[in-house]
Structures are given as C-alpha cells and as structure tokens.
Amino acid sequence: MLHSIRWRIALPYIFLILLTMLGLGIYLSNFARQMYLDEIKAQLAAEARLIGDELSPYLSGNVDSATLDQLTRRWGDLVGARITIIAPDGTVIGESQENRTTMDNHLNRPEVIQALSEGQGHSTRHSNTAGIDMLYYATALKIEGQTAAVLRLALPLTTVDTNIAGLQRILAGVTLIVTVLALLLTILIASQTTRPLRVLTRAADRMAGGDLNTPVPISTNDEIGRLSKALNRMATQLRSDVEDLQTERSKLSAILQQMTDGLVMVNQQGLVEMINPAAEEMFSITQDQAIGNSLAGSLRQHQVVELWQRTRGSGGVQSTTFEVGTRRIYLQGIAVMMDQELAGNTLLLFQNLTRQRYLETVRQDFISNISHELRTPLAALKALAETLEETALDDPPAARRFLQRMATEVDSLSLMVSELLELSRIESGRVPLNIKPTQPYAVVIPAVERLHLQAERAGLFVSSDCPEHLPLVAADPLRLEQVIVNLLHNAIKFTPTGGIIEVSAHQDSESIIFSVKDTGVGITQEDLPRVFERFYKADRARSSGGTGLGLAISRHLVEAHGGKIWVESTEGQGSKFSFSIPLA
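All residue numbers for the sequence shown refer to the numbering used here, where the first residue is 320 and numbers rise by one.
Following this line, the structure appears as structure tokens:
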C-alpha cells in the first residue's frame, strides 16, 4: 500500500506539515518563554529602581545589615521577589529570604559582575541556595558616582515553566489536530488526484488482457485527460491491428487447413513447431503428438530427417521422393530454409504423388493393354494373309474359311476402335445426352429382354426387380440402357452355367440405385480398384475376349449423369455392380 502513488504523494506532505508544526511549536515555546523573561526583566528593573531610590539613604555612612535585612524582607513581600543587597566586594549585606551569614561571596555571580561593569545585569540559572531555576536582575546603586552596593532581585522560573508547559501542551494538541486534518485532507486530495490514474491502470490491465473495446473515461482536461485520450487512440489502433492480424491469421489458417500438400515447420533444434492437417493425414499423426517433439520421433521417416539435415548443411532447396510405410503413399518432400523473422527454421513441403504414380501406372498399363489387344488380331491377320497367299489361293473352300476368319479379326479391330472413339467422345463431353424424366422400369426391362436369349444359351437364370412406381430419374434412356447392358453382358460372360443374375432398382434418398448381381467367379481384391480402367482385364477375363472398355464406358456415362458407380465382389462368390442416378 505504501508503494502506491497516493501514499507517495500524501506521506511527504504529512511529514512536512508535522515538521512544520513541531518547528513552529518549538519556536513559539521559546518565543513565549523569552517574552515572559523579558517582561519579568522589565518588571524587576522597574522594581529595582524604586527599591534603589528607597535604599540609597541607608547606604550612606555605616551600613546596618540588620536594618537592610528587615527592609529587604518588607520590600520582597511587596514585590513578591527575593531581594539581595551585595557589597562591592561581593559580601551579602542584606537578604530577604535566606540567612545571609551562611551565603557565599557573590562577587563571581554573572549578574553581579555585569552590574559592577555596566551598571545592570541579569542571568538565568539554577540557584544552589534555593534549589530551583531563578531569574536574577542586578543593578548598581551609586552614591556620589561611586558604587555603594549591588541590588539584586530574583524570581523563580517555576511559573514561567508552568505557563510554557501549558502553552506547549496547547501547541502539541493543535499540532496533532492539524496533522490529523492534514492527513485526511492530503489523503483525500491524493485519492482524488490518483483516481484517474487508478482508472487508467484498470483500463491498461483490461487492454493487456485483450479487452480493447471498452474506452477509457475522460474526466479531466489535464495531463491525465490527454493520457486517457492517447490510451483510447492506442486501443483503437491496437484493435485495428489485432483485427488485421486475426484476419491474416484466419486466412493463413484456412489456407493451411485446405491445402492438399503437407506442411511441417521445424526449428533449429529439430523440433516440430507447426503441422497442417494434410501432413497429419499423410503421416498418420495428430498435431498434439507432433508439435514440440523431434522430427524423427514425430514423422518416423528417415528420408525426411536426411532431407532436413541436407538442407541445414547446404542452405539451399533440397527434395526427395519416398514411400510412406505399408500405406503405399508416395510423397515428394521439398525442404526450404527460412530467413528474416523465421531464421534458422526449415519449412518442409510434402506433395502426394500417389495419384500421379497411379496415373502413370494406368498409362503404362493402357499402352501395354492396347498394344496387346492390337497385336493379337494384327498378328492373326498377318498369319492368315500369309497362309492364304502361300497355300490357300488354289483351294477355294480353305480360302473362304481364311477370309471369314480375317473378317472376324477386322470386326474385332473395328469394334475396338469404335469403342475407343466413343469413350474418347464421352470423356471429352462431345457426346450429347438427351436428359429427360425417365421411368427406371422402362430402362431395366428392355436391357434384360435384350440379353435374355444370350443368358438362356449360357444356361443362366436372369431375374429383374424393378417396381413400376419408382420415381422418375433424370437420364438419357438409351445411354442408361447401354450401361445396364454392359454390366449384364459381363455378368453373363463370367457366370458359370446354372448361375443366377439379378437386375434390380430401388430408391435411396435423392437417387435410384441400379444393381446387377451375379453368382459368377467374382473379382480378386487386387483387381477391384482397377476394373473401371480402360483396357484393364483381370487374368480370368483375358481368355474371355472383349476389348476391356465396357466398364470404362459405363463409368463415364454414369458420371455424365451426375451419379457414381461401384462394385462389391468376393472371389468365387460373385459380384454386384451398382450405380446411382439422381431423381428427376
């Protein structure tokens, strides 16, 4: 409490007033005492003159000490003072109160010495005879120019001391009252003076706590009022700066949250300071597990640690490509040294190349598959043509058989090219779709009837489950029927004799789900993710003919309708191809 500004203002004034009152009390006490003494001196001087006039006749000739004792006692009773008559040699020849015969020689008394030399003298001292403090006044009595005796009057100072003590008590009381009043007034003034400072302190504490919206009240126009205005301007500027920082931080946070690339910030000690959600997903780690921990312990990828170390050593941009564990995720890591405010830190950027790797694999497989698909009929055509040229021209029946087989291979090539062109047009959006409200029943039943004879020849039972009351879908009926025909054709192709194929449709929320389910050979788990790729064929499908484009065309047609297609299969237990089409 004593360290507050209020007390630092109040205490000096209190001490000043207290010292002033004490000094004034001491001064007034001494001044009053001196006034009393001066007044007593004047009184004793007047009384000494009167007594001296009366005493002069008794000092002429022989001096009778007994007479002088009687006179001094009478005059002492009249004036209320002790009277002593001292001969020029210091012998006491008259005394009003004490036995003069037992008294010392008074020639060495200060007042006597002063009176003999100057005509009058005075002193204040302790009387050994009376045992109290006395005020002495002495005057020389002269007869015919010669000092006949020294008349000394003395008064005790007990009355003066009593009066001075009373005055001092009064001054002490006044000092106490004035000090208390001054204390209260000083505290009040200091409190009023520091109250705006306390308000400013509370306002500054609120600002330090983040509350920049409550303005500081301005109650005066002095320095404190100007300080309040400055604080309000500072709060406004800080609020604007904080809002700008929060906006920038929100933008940065939104960017980091939505980035598909992983970001990790590492300090000089190799501790992770920042990680975004993309990096968390890539390395299967949470933010709490990463921040504050080492890079090696958090990401658990030695390639990343080596990348960071190379960057620290060279200071330039470094990159590497690596695979994350058993998840088959391929990442490209790029490390950049930061400068200025983030000097010493390293920014690690991770790009997911899994999709690019997958597309590269698909491209390679596509080239391999189309090369294979083209090489087989072309090789057959070449062999047939050479055989026909060499041996069969002279044998019309054999030549006719060779020509028929060549026509079959040409038809296969034509079908492949036709489906490739159609797939290319669908992927590029150049195939117009005649979208209109379509009854699902009107799509499923014609497709089933179209392949019903083919299924019977294969010894398969085909059923349909498509209620007529289903809501209409927004679709091109011919293209949607083509999708079902492709799925149903594959089911017939890969279902052994005696199997069952079921074509169904049912409503699911805002779409109709079409399904083709069979009891065929099924699809392996390795082949499931790739069955909708162009020219992709499972090992079982390679011996069954076909171009491998039917499912790819079906996928693009479904997606062009705003739906999606998927497959569920267990090897040896059949497959279920499904796709969704939005309601009209």
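Beta carbons: idealized from backbone N, C-alpha and C, even for Gly.
By a C-beta neighbour count over all protein chains shown, 10 Å radius and 16 as the cutoff for buried, is residue i buried or exposed?
{"i": "Leu476", "result": "buried"}
{"i": "Met601", "result": "buried"}
{"i": "Asp858", "result": "With a pLDDT of 49 at Asp858, under the threshold of 50, the modelled position of that residue is not reliable, and no figure is offered here."}
{"i": "His909", "result": "A question about residue 909 goes unanswered here, because the residues of the chain that appear run from 320 up to 903."}
{"i": "Gln844", "result": "exposed"}
{"i": "Tyr346", "result": "exposed"}
{"i": "Arg545", "result": "exposed"}
{"i": "Ser547", "result": "buried"}
{"i": "Ala615", "result": "exposed"}
{"i": "Phe813", "result": "buried"}
{"i": "Pro515", "result": "buried"}
{"i": "His825", "result": "exposed"}
{"i": "Asn441", "result": "Per the sequence presented here, residue 441 reads as His, with Asn not at that position. When all chains shown are included, His441 counts as buried."}
{"i": "Gly425", "result": "Just to set this straight, residue 425 is His in the shown sequence, not Gly. Classification for His425: buried."}
{"i": "Asp784", "result": "exposed"}
{"i": "Arg368", "result": "exposed"}
{"i": "Val636", "result": "exposed"}
{"i": "Thr271", "result": "Residue 271 lies beyond the residue range present for the chain, which begins at 320 and ends at 903; the question has no answer from this structure."}
{"i": "Leu772", "result": "exposed"}
{"i": "Leu564", "result": "exposed"}
{"i": "Ala609", "result": "buried"}
{"i": "Glu358", "result": "exposed"}
{"i": "Leu797", "result": "exposed"}
With respect to the alpha helix (DSSP H) encompassing residue i, which residues constitute its N-terminal and C-terminal limits?
{"i": "Tyr760", "result": "Tyr760 to Arg769"}
{"i": "Asn805", "result": "Pro796 to Lys812"}
{"i": "Leu495", "result": "Thr477 to Ala527"}
{"i": "Val877", "result": "Gly869 to Ala879"}
{"i": "Arg393", "result": "Ser384 to Val398"}
Identify, in the order they occur along the chain, each residue of the same chain with its Cβ nearer than 6 angstroms to the Cβ of residue i, setting aside the five sequence neighbours on each side.
{"i": "Gly413", "result": "Leu387, Asp388, Thr391 and Ile404"}
{"i": "Glu887", "result": "Lys895"}
{"i": "Gly893", "result": "Asp837, Thr838, Gly839 and Gly841"}
{"i": "Pro376", "result": "none"}
{"i": "Ser863", "result": "Because Ser863 sits at a pLDDT of 48, beneath the cut-off of 50, its placement in the model cannot be relied upon, and the point is left open."}
{"i": "Gly589", "result": "Ser613 and Leu614"}
{"i": "Leu495", "result": "none"}
{"i": "Val835", "result": "Leu806, Leu807, Ala810, Val822 and Phe896"}
{"i": "Gln439", "result": "Thr458"}
What is the residue span of the beta strand (DSSP E) that residue i lies within?
{"i": "Asp784", "result": "Phe780 to Asp784"}
{"i": "Thr443", "result": "Gln439 to His445"}
{"i": "Ile412", "result": "Val411 to Glu414"}
{"i": "Asn671", "result": "Thr665 to Asn671"}
So who's on the other strand from residue i, going by DSSP bridges?
{"i": "Ala824", "result": "Phe833"}
{"i": "Gln465", "result": "Ile462"}
{"i": "Gly817", "result": "DSSP, once it has assigned bridges, lists no residue as partnering Gly817."}
{"i": "Pro429", "result": "None, per the DSSP bridge assignment."}
{"i": "Lys883", "result": "According to DSSP, Lys883 bridges with nothing at all."}
{"i": "Arg471", "result": "Thr403 and Ala457"}
{"i": "Pro756", "result": "Ala793"}
{"i": "Gly912", "result": "This structure does not reach residue 912, given that the chain is present from 320 up to 903, and the question cannot be answered."}
{"i": "Gly652", "result": "Thr639 and Phe669"}
{"i": "Ile900", "result": "Ile831"}
{"i": "Asp452", "result": "His445"}
Once you ignore the five residues that flank residue i on each side, which residues in its own chain have a CB closer than 7 angstroms to its CB?
{"i": "Val802", "result": "Ser873, Leu876, Val877 and Phe898"}
{"i": "Leu575", "result": "Leu582 and Asn595"}
{"i": "Gln606", "result": "Ile594 and Glu599"}
{"i": "Met656", "result": "Thr630, Gly634 and Thr665"}
{"i": "Val624", "result": "Leu614 and Ala615"}
{"i": "Asp541", "result": "none"}
{"i": "Arg525", "result": "Thr533"}
{"i": "Leu847", "result": "Val886 and Ser888"}
{"i": "Gly778", "result": "Thr816 and Gly817"}
Please list, in chain order, all residues of the same chain as residue i whose beta carbon is under 8 angstroms from its beta carbon, the five residues on each side excluded.
{"i": "Ile333", "result": "Thr498, Ala501, Leu502 and Thr505"}
{"i": "Met453", "result": "Arg401, Thr443, Arg444, His445, Ser446, Ala473, Leu474, Pro475 and Leu476"}
{"i": "Ala793", "result": "Ile754, Lys755, Pro756, Thr757, His880, Gly881, Ile900, Pro901, Leu902 and Ala903"}
{"i": "Ile483", "result": "Ser348, Ala351, Arg352 and Tyr355"}
{"i": "Leu519", "result": "Val535, Ile543, Leu546, Ser547 and Leu550"}
{"i": "Lys360", "result": "His441, Leu454 and Tyr456"}
4 or more residues per run - each alpha helix (DSSP H) lying fully within the stretch 565-650: 596-602, 606-609, 614-618 and 621-633
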